[in-house]
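> Numbering (the numbering used here), first residue to last: 6 to 307.
Built from N, CA and C at the ideal position, the CB exists for glycine as well.
Shown below is the structure under consideration.
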């Protein structure tokens, strides 16, 4: 694992350790949707939902009418969310490696690798105070029934369903991101990378920032191009275009070498960008999950 991945993992592990200290003991191998933050805010009577504006809402833990800042139930749900998400990342990465080894068409491999990077991005940002949250129609109905606040009608009349939350003053504040959760996720990733790596002065740290900040290298644009706009990429043109990309999938050392060699600058819409982000973020999520698992076991034993 490269040092940039290590910094991301260290920050995640520190945050997860705080959740472990505040939470009740959990059984990681038995976690289900009922343990998630979304389920909690929709169903737990001790979690208040307050509509703060036509485009935002707040959630906080309340016991006997008293706000409990960063309460144990929310901490436990955020911890459980990460473990469930990390397992999704692991399974997606395993699927990508099977596709690579089976010689699956390059276009499908690019798209699947994109989703692995995207899932890992969500988990990293979720712990670094950028929590992605989306609601289905039935969930919005449950939210409408539970939520309170002067802006209730305006909020639900707007029809938004995708949000990004941040921790503020012991509450989680969620703001609408419209209909572009993928773009929002990568914006969150840029925020996290700048925050954690921006002052390191490492060449590769600056190169990651370049990849995430330059619209020519937008992971979403690359995925959309391969999946929707260039049908020829499902044939030989895609195989030619993805020749180097294939070498980087599942090859973290190769991904780091590519980043150094290109100095964070490459052709617009180069799929190698997705492979590099995938390997970096997947490694960070996997390492943080492993370390946090040990913390959970230690807390249960004491």
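Short of 7 Å in beta carbon distance, which residues of its chain neighbour residue 78, apart from the five on each side in sequence? Order them along the chain.
These residues qualify, in order along the chain: 45, 49, 51, 52, 66.
> Can you name the start and end residues of the alpha helix (DSSP H) that residue 265 belongs to?
Residue 265 -> alpha helix (DSSP H) spans 257-267.
> So which of 281, 158, 235 has the shortest CA-CA distance to residue 55?
Comparing Cα positions, the closest option is 158.
> Under 8 Å by Cβ, that's how I've got residue 180 and residue 169 pegged, so tell me the actual separation to the nearest angstrom.
Confirmed, Cβ separation roughly 6 Å.
> Measure how close the beta-carbons of residue 301 and residue 33 come, nearest whole angstrom, since I'm counting them as under 8 Å.
With 8 Å as the limit, residue 301 and residue 33 qualify as a contact, their Cβ atoms being about 6 Å apart.
> Which residue or residues does DSSP assign as beta-bridge partners of residue 173?
In DSSP, residue 173 forms a bridge with 176.
> Pick helix, strand or coil for residue 55, following the three-state DSSP scheme.
Strand at residue 55.
> To the nearest angstrom, how far is it from the Cα of residue 7 to the Cα of residue 29?
Those two C-alpha atoms are separated by around 33 Å.
> Span of the alpha helix (DSSP H) holding residue 215?
Residue 215 -> alpha helix (DSSP H) spans 208-218.
> Around the C-beta of residue 38, are 16 or more other C-beta atoms found within 10 angstroms, so that it is buried, or is it exposed?
Classification for residue 38: exposed.
> Kindly indicate which three-state DSSP category residue 10 falls into: helix, strand or coil?
It is helical.
> Please name the residue in 201, 282, 291 whose C-alpha comes closest to that of residue 259.
Out of 201, 282, 291, 282 has the C-alpha closest to the C-alpha of residue 259.
> Given a threshold of 16 other Cβ atoms within 10 Å of its Cβ, counted over all protein chains shown, does residue 284 qualify as buried or as exposed?
Buried: at least 16 other Cβ atoms inside 10 Å.
> Considering only residues of the same chain and omitting the five flanking positions on each side of residue 176, which have a CB-CB separation below 6 Å?
63, 65, listed in sequence order.
> What are the partner residues of residue 71, as DSSP defines its beta bridges?
DSSP output for residue 71 lists 68 as bridge partner(s).
> Return yes when the Cβ of residue 124 is within less than 7 Å of the Cβ of residue 166, no when it is not.
Taking 7 Å as the Cβ cut-off, residue 166 and residue 124 do not qualify as a contacting pair.
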